[in-house]
Amino acid sequence: MTTVGILGGGQLARMLALSGAPLGLRFLVMDVTGDACAGQFAPMVVGDYRDEAALAEFASRIDVATFDFENVPAESAQWLSARVPVFPSPRALATAQDRLAEKTLFRELGIPVPAFAAVASRAELDAAIAGIGAPAVLKTRRLGYDGKGQFRLKAASDADAAWAALGPQAETVGLILEAFVPFDRELSVVAVRGRDGEFRAWPLTENWHVDGVLSASLAPARVDPALAATAYDYARRLATALDYVGVFALELFCKGGGLLANELAPRVHNSGHWTIEGSESSQFQNHLRAVLGLPLGDTRMVGTACMLNWIGAMPDPDAVLREAGGHWHDYGKSSRAGRKVGHATLREDSAPALAEALSRIGAALDRPAQVAPVIARLREG
């Protein structure tokens, strides 16, 4: 029986383990904490990702390795790759971990991006602002996610405050200034590439964020087919250039009918959670198929779907579970402000039916603001 090793023991590892059970797979999770939620479904190795003794034990018990978040040290993935196959590759992981390397690759592949510049000093920040203009966003090149490690400059006069907030990290994780994009919509392509180079993508997803954290996703995104085709082309270019194996997400800004790449997530992704119930093959099952060299599953949708993210604490599940197309996911985490603790997926045969289901759930859970933008999109045109 094949054992898949997962670096990182969060909810993504948990859902990978759950989806791998029908394939007869075993799992071993490595995490820095013993109470990681994936440990409820798979045995664990507890240790620092840079601890070679812990990594050696992990490697000795698995047949192939993957990871569930992009801040696993790329050096650790590289160390493992000399002992077991690692997918996605350490190169793909290292590229996605550095916003400057990532944006540079986008540009080299002809994928449009907001203007950007590396920032290593206060003087370079002033020069970058002069070249890019304001508003702009100063970000750490590494370790930022869900809105962390960012400072928005509304005007050049905010440079002092931005440097005070992030300047101390310039030498350790690096900084990058990016032009602020007043986007019309946030979209994502969740795609998968097999060991043999086969590429598939799920229907384009539209996303809504609150304070930098995903709040809701709608699939399929209600966009022009030509725009969706462009998004898929960008994702394919990235996957080919990186010789990527596994699932990834390409996050995009839509502005004035065009697309700008925001970032690459080299893993299964929050905006693809709807695929568990909303497609023939989920992102989790297809990630495992890819890293094991198995045939990829069909990415066709089943109906139309919306994922609602639960942040901080789980609401009462009754309203969702009363819906015929309601699906509940509790990650088994304790409540904490800003923490992703679960999600729900609503799936219906039509956009009007999904809008009605979301209206009922929003009212029952007293979350009208969370469902309102999705309902509005479903009722357009």
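If you're matching positions, the sequence shown starts at 265 in the numbering used here and goes up one per residue.
The beta-carbon is built from N, C-alpha and C at its ideal position, and this holds for glycine as well.
Predicted, not measured: the structure shown is a model, and the values here were computed from it.
Checking the sheet assignment: what are the DSSP bridge partners for residue i?
i: H591; result: T609
i: L280; result: For L280, which the question treats as bridged, DSSP gives no partner whatsoever.
i: D656; result: Only positions 265 to 645 of the chain appear in the structure, and residue 656 is not among them; the question remains open.
i: R386; result: Its beta-bridge partners do not exist; DSSP assigns none.
i: E522; result: Note that residue 522 is Gly in the sequence shown here, rather than Glu. Paired residues: K519.
i: C570; result: L482, L610
i: K230; result: Any question about residue 230 goes unanswered here, given that the chain covers just 265 to 645.
i: E527; result: E515
i: T404; result: L439
i: Q414; result: K403
I want to see whether chain B comes within less than 9 Å of residue i, judged by CB atoms only; does it?
i: R457; result: Among the chains in the structure shown there is no chain B, since it carries only a single protein chain.
Going by CA-CA distance only, name the one from the options that's closest to residue i.
i: L629; options: C570, V336, P581, A513; result: P581
i: A529; options: I540, A513, F415, C518; result: A513
i: F291; options: L271, D312, T267; result: T267
i: T469; options: F463, S452, G461; result: S452
i: A394; options: M571, D422, D475, P349; result: D422
i: A329; options: R611, A608, V293, L430; result: V293
i: A387; options: S324, S535, D424; result: D424
i: L439; options: L271, V383, R564, A601; result: V383
i: G647; options: E450, V348, L289, Q547; result: Here the chain has residues from 265 to 645 only, and residue 647 is not among them.
i: A608; options: G602, R600, I625; result: I625
i: A381; options: R363, L523, M571, L373; result: R363
i: R611; options: G596, L552, A455, H591; result: H591
i: G374; options: V350, L524, Y595, M565; result: L524
i: E316; options: P337, G461, L407, A365; result: P337
i: G250; options: V638, L402, P579, S546; result: Because the chain is modelled from 265 through 645, residue 250 falls outside the range shown and cannot be assessed.
i: S559; options: R641, R457, R278; result: As written in the sequence, residue 559 is Pro, which differs from the Ser given in the question. Nearest C-alpha to P559: R457.
i: A554; options: G510, A583, D390; result: G510
i: A302; options: A365, V454, L271, R314; result: L271
i: A300; options: V605, L618, M265; result: V605
For residue i, count neighbouring C-beta atoms within 10 Å of its own C-beta (all shown protein chains included) and say buried if the count is 16 or more, exposed if not.
i: K418; result: exposed
i: H473; result: exposed
i: R586; result: exposed
i: P307; result: exposed
i: D312; result: exposed
i: L287; result: exposed
i: A483; result: buried
i: P632; result: exposed
i: G273; result: buried
i: E442; result: buried
i: A356; result: buried
i: R416; result: exposed
i: R641; result: buried
i: T436; result: exposed
Distance, Cα to Cα, residue i vs residue j?
i: L369; j: S481; result: 27 Å
i: A495; j: S623; result: 30 Å
i: A281; j: F305; result: 7 Å
i: L556; j: A320; result: 21 Å
i: A358; j: N335; result: 9 Å
i: N550; j: R643; result: 32 Å
i: L516; j: A465; result: 15 Å
i: G576; j: K367; result: 31 Å
i: W427; j: I396; result: 16 Å
i: I326; j: L502; result: 28 Å
i: A323; j: V350; result: 10 Å
i: A398; j: Q361; result: 25 Å
If you run the structure through DSSP and keep just helix, strand and coil, what is residue i?
i: I326; result: coil
i: D562; result: coil
i: I270; result: strand
i: S421; result: helix
i: L647; result: This structure cannot settle anything about residue 647, because the visible part of the chain is limited to 265 through 645.
i: F447; result: coil
i: W538; result: coil
i: H473; result: strand
i: A300; result: coil
i: A455; result: strand
i: F333; result: coil
i: V350; result: strand
i: R464; result: strand
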